[in-house]
Amino acid sequence: MNIILFDGKPSFIPRSDERARHILSVLRLKEGDVFRAGISGGRALECRIDRIADDGLHVTSVEKEDLSALYPLTLLLAEVRPICMRRILRETVSLGVGRIFLTVTDTGERSYHESGLYRSGEYKDILVDGAMQSGFTGIPEVRFFDSVDATLLALESGRRILLDNVAGSVGLSSLDLSKDGPVTLAVGPERGWSDRERKKFLSDGFTPALIGHRILRTETAAVAGVAMTLEAMGLI
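Position one of the sequence shown corresponds to residue 36 (this note's numbering), numbered consecutively onward.
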């Protein structure tokens, strides 16, 4: 954790809380020590440990700068195996993606949509983990869709990029997106987009692009694609 996030300004952290265990066992802080924290989606905090009690930590929190800013990049992502999705969410959030749209695809497993990862709310904890890794407080909006068609209807205006080894004709690294405002990056499932979906993307103004000519796993393409897109936008 490079920042410890809370829902509000903490004054007491129970010992049963993972964050208290991190503060005491990993950071090895003592009474009078200060640690870096933040309000989820809000300002950074400077927290001082006033007292370490049997049941938890008593702290004083002072608000600092706002660290909630995210980049104007929407990741349109095919739903994949939960074990892969956990890694994708954590890493793309740490990169600062602004929104994540998760969609069922023609070639993907529809059962992924009903995964316990989403039903239990576990994915929200993963988003927080990604933000804490980044040292910022911003948590991206995540939305779920039953099809690519429904996802496209929810998109706002801006530049649209489709990662696709079939239709892709330009390298993602060659694009200059620095003057295009908000950008949407679409990353498909392990079996790729269907021909129907590909035609739909192209008719909706997506530019097909490649990350080289090798076929990548979705988790690799998503993380590399987000990083390269943010670089093309002049943001990193």
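Ideal Cβ placement from N, Cα and C applies to all residues, glycine included.
Partner residues in the beta bridge of Leu110, as assigned by DSSP, are Ile135 and Leu220. Listed in chain order, the non-local C-beta contacts of Gly91 below 7 angstroms within the same chain comprise Phe47, Ile48, Pro49, Arg50 and Ala55, local neighbours out to five positions each way being set aside. Two segments are said to touch when three or more pairs of C-beta atoms, one from each, lie closer than 8 angstroms; by this definition the segment 197-214 does not touch the segment 166-183. Counted as a single uninterrupted DSSP element, the beta strand (DSSP E) harbouring Thr95 occupies residues Gly91 to Asp101. Straight-line measurement puts the Cα of Phe236 at about 20 angstroms from the Cα of Arg145.
Around the beta carbon of Ser129, 16 or more other beta carbons lie within 10 angstroms, which makes this residue buried.
When the five nearest sequence neighbours on each side are left out, the beta carbons in the same chain lying within less than 7 angstroms of the beta carbon of Arg122 are those of Glu254, in order along the chain. Collapsing the DSSP output to three states places Glu66 in coil. Per the coordinates, the alpha-carbon of Phe136 lies some 18 angstroms from the alpha-carbon of Thr242.
Scanning its chain for C-beta atoms nearer than 8 angstroms, with the 5 sequence neighbours on each side dropped, one finds around Thr138 the residues Leu111, Leu112, Ala113, Glu114, Phe179, Phe180, Asp181, Ser182, Val183, Ala185 and Thr186, in chain order. Taking a contact to require three or more Cβ pairs closer than 8 angstroms, the segment 92-102 and the segment 206-215 do not qualify as touching. Excluding five sequence positions before and after Ile250, the CB atoms of its chain that fall closer than 7 angstroms to its own CB belong to Asn200, given in chain order.
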